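The structure appears below as structure tokens.
Numbering (the UniProt record's numbering), first residue to last: 1 to 218.
If you want it as structure tokens, here you go:
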């Protein structure tokens with residue numbers, strides 16, 4: 001999660017001078033705060049996160065210890081594939097996140113029945129990816145979603161209308177999970193070459209190879 005600082009500087013004049021920093025990594029917060037406090041001229045200071053929560057220095061020190069126990073800097077890759085001949089879908093999901101000083105990766109795929117086309121498979125992949133975030137305890141956090149489906153991501157952002165009833169139902173399910181977990185979503189539309197990991201998992205699902213791994217990255 002990214003943070004920023006807002007603080008009042010004790011000027012030699014009678015004016016109150018407020019400053020606001022750019023965004024930086026949460027792990028840098030106390031370094032910046034302590035440097036500012038050493039000046040002896042900061043009389044009020046507020047620490048603000050991407051979710052628009054704010055804390056005093058004392059509050060943040062306690063909170064920071066708890067945040068190290070929760071998933072942070074979450075990035076989700078998703079992809080879906082559809083086999084018309086078999087009427088089967090394969091979904092691939094990759095999640096990267098940090099917890100404290102450790103970085104983790106989850107790779108998961110699944111073969112699904114009952115879907116009608118590739119777009120629906122893409123929606124199912126994203127929905128299952130968000131459910132995976134719930135499983136690992138993600139809540140009230142920013143999250144970057146990356147995929148090569150313009151249809152899914154543009155409709156999720158509201159830039160493209162969705163006229164298909166079936167896809168609208170998937171969109172409703174996805175938005176419900178986002179609201180339930182209180183996620184702040186940023187989307188990144190990739191070309192297929194940049195989504196190879198999730199694409200490979202979706203194809204492996206279609207060929208009958210099941211993958212589900214959750215490991216710390218060295």
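Ideal placement from N, C-alpha and C gives every residue a C-beta, glycine not left out.
Quick caveat, the model's predicted, so the values are computed rather than measured.
{"Check": "Buried or exposed, going by whether 16 or more other CB atoms sit within 10 Å of the CB of residue 160?", "Outcome": "exposed"}
{"Check": "Following the continuous alpha helix (DSSP H) through residue 121, name the residue where it begins and the one where it ends.", "Outcome": "118-135"}
{"Check": "Report the start-end ranges of each beta strand (DSSP E) in the UniProt domain \"RNase H type-1\" (70-207) that is 3 residues or longer and not cut off at the edges.", "Outcome": "72-83, 88-99, 102-113, 142-147 and 184-189"}
{"Check": "Just to confirm the assignment, what range does the alpha helix (DSSP H) spanning residue 62 have?", "Outcome": "57-67"}
{"Check": "Pop quiz: residue 77 and residue 197 are said to be a contact at Cβ under 8 Å. What is the actual Cβ separation, rounded to whole angstroms?", "Outcome": "6 Å"}
{"Check": "So for residue 43, helix, strand or coil by DSSP?", "Outcome": "strand"}
{"Check": "Please confirm if the stretch 60-74 is in contact with the stretch 124-143, defined as three or more CB-CB distances below 8 Å between the two stretches.", "Outcome": "yes"}
{"Check": "Closest to residue 229 by CA distance: which of 97, 140 and 35 is it?", "Outcome": "A question about residue 229 goes unanswered here, because the residues of the chain that appear run from 1 up to 218."}
{"Check": "Using the C-alpha atoms, what's the distance from residue 99 back to residue 40?", "Outcome": "33 Å"}
{"Check": "Residue 6 to residue 14, Cα distance in whole Å?", "Outcome": "19 Å"}
{"Check": "State the beta-bridge partners of residue 222 as determined by DSSP.", "Outcome": "Outside the displayed range of the chain (1 to 218) lies residue 222, so it cannot be described from this structure."}
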